[in-house]
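*Asks:* Quick note on our numbering: the sequence shown kicks off at 1345 and runs consecutively. Positions of the beta carbon are idealized from the N, C-alpha and C atoms, including for glycine.
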Amino acid sequence: MLSPDDINTIEKSIMKHNAKVIALQVPEGLKTKVQAIAGQIEKPGVNVLIFADPCFGACDIPSIQMKSFGCDLIVHIGHSEMFKKQSLPIVYIEYFSDTDIAGILKKEINQLKNYKNIALATSIQHIKQIPKVSGLLKTHQKKVHIGKPTTAKYPGQILGCDPSAVISIQKKADCILYFGTGRFHALGIAKKTELPVFLLSLEDKKIHNLKKEQFTLQKKKIIRKAKFDDAKVICIVATTKPGQMNRHVVEIKNKIEKKGKRAFIAIMDVIKPENLLGMDYDIILNTACPRIEEDVVFKKPIINVEEI
Ligand code: SF4
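Shown next, in the form of structure tokens:
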């Protein structure tokens, strides 16, 4: 549920934009609360439309679709601000977890015994716990490094497509500690660094060394690149989602074709295997969210555009 401060922020935005129809968007983890949240926002003269497609991140704003439905404002819950406005104004409402991370760290601190300089990172849901976790590490004689991200909002905050908060300070660190739910963000970091990466998992309440996964990721990366080099026909996929849209697809196609390969561009909203049925190609070149490469199983190999 939203706090009185959140409601206040939304009401101010409703007044500012004289909004009568609101598009409400929440991440999958908050779907069980979305009707209650809509009830908190609705009032006489203000209607809420729940945008129920999966929401992948702060970049995934359905402004074009919801404008067609007559919406005046998008209320996006669960991520920090990425855009002020797309086709519609957007108000981002951050959502924080109060899971006891320091308690898990106290129990598992031994996992970090060989490391003195620790780069710390987490996702938006746990960002408020950075001072507490950092303080606890310092009491164990660790030096903590927290970097500024390029796209994300807060120091130490990681997005799946933006691990810069730790990559920018990796030279100062002996290892990286990421705390949060799921492995996606930690693996995103592991892909981009040679440093040991540790995941403090809120699921099993343990700290995991991702050394094995890191090795597998590096190996997979080499294999993907070799498959791309061998491929004759490339399917370049791009999304219409405004925050993930790659406007250089034609340029990318021309560059690939100059190397003697054939390429075609397939545009869609959600990038999924069913949309490519019937098309003939050797490899998919993903120009949208980098997590698609890890999260979605396609029939043909897939490589992210920044890897080629
Ligand atoms: S592009 Fe992907 S990883 Fe980046 S913010 Fe969007 S959903 Fe998250």
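Is G1532 helix, strand or coil when you go by DSSP?
*Replies:* Position 188 of the sequence shown, counted from the first residue, corresponds to residue 1532. In the structure shown, G1532 sits in a helix (DSSP, three-state: H, G or I).
*Asks:* May I ask you to list the residues that DSSP assigns as paired with G1524?
*Replies:* What you label residue 1524 is simply residue 180 of the sequence shown in a count that begins at 1. Answer is S1545, bridged to G1524.
*Asks:* What are the start and end residues of each continuous beta strand (DSSP E) run of 3 or more residues lying completely inside the region 1349–1379, in chain order?
*Replies:* Correct list: 1365–1369.
*Asks:* Using CA atoms only, rank isn't needed, just tell me which of F1523, K1563, L1544 and L1546 is closest to K1536.
*Replies:* One-based indexing of the sequence shown puts residue 1536 at position 192. Among F1523, K1563, L1544 and L1546, the Cα nearest to that of K1536 belongs to K1563.
*Asks:* Consult DSSP for F1608 and reduce its assignment to one of helix, strand or coil.
*Replies:* Residue mapping note: residue 1608 aligns to position 264 of the sequence shown, counting from 1. Three-state result, F1608: strand.
*Asks:* Are V1430 and S1412 closer than 8 angstroms when you measure CB to CB?
*Replies:* On the sequence shown, position 86 is the one that residue 1430 refers to. On the sequence shown, position 68 is the one that residue 1412 refers to. The question names Val, but residue 1430 is Gln in the sequence shown. It is not a contact, given that the beta carbons lie outside the stated cut-off.
*Asks:* List the DSSP bridge partners of Y1436.
*Replies:* Start at 1 with the first residue of the sequence shown, and residue 1436 comes out as number 92. Looking at the DSSP assignment, Y1436 forms a beta bridge with H1420.
*Asks:* Using the C-alpha atoms, what's the distance from V1477 back to A1607?
*Replies:* As a working note, residue 1607 is residue 263 in the sequence shown. As a working note, residue 1477 is residue 133 in the sequence shown. Those two C-alpha atoms are separated by around 48 angstroms.
*Asks:* Any heavy atom of the ligand FAD within a distance shorter than 7 angstroms of the CB on A1402?
*Replies:* The ligand content of the structure shown is limited to the ligand SF4, which means the ligand FAD is not among them.
*Asks:* Apart from the five residues just before and just after Q1379, which ones in its own chain have a Cβ nearer than 8 angstroms to its Cβ?
*Replies:* Looking up residue 1379 in the sequence shown gives position 35. Taken in chain order, the residues that qualify are I1394.
*Asks:* Assign L1620 to one of three DSSP states: helix, strand, or coil.
*Replies:* Taking the sequence shown and counting its residues from 1, the one referred to as residue 1620 is at position 276. Reduced to three states, the DSSP call for L1620 is helix.
*Asks:* Helix, strand or coil: which one does DSSP assign to H1592?
*Replies:* Residue 1592 sits at position 248 when you count from the first residue of the sequence shown. Here H1592 sits in coil by DSSP.
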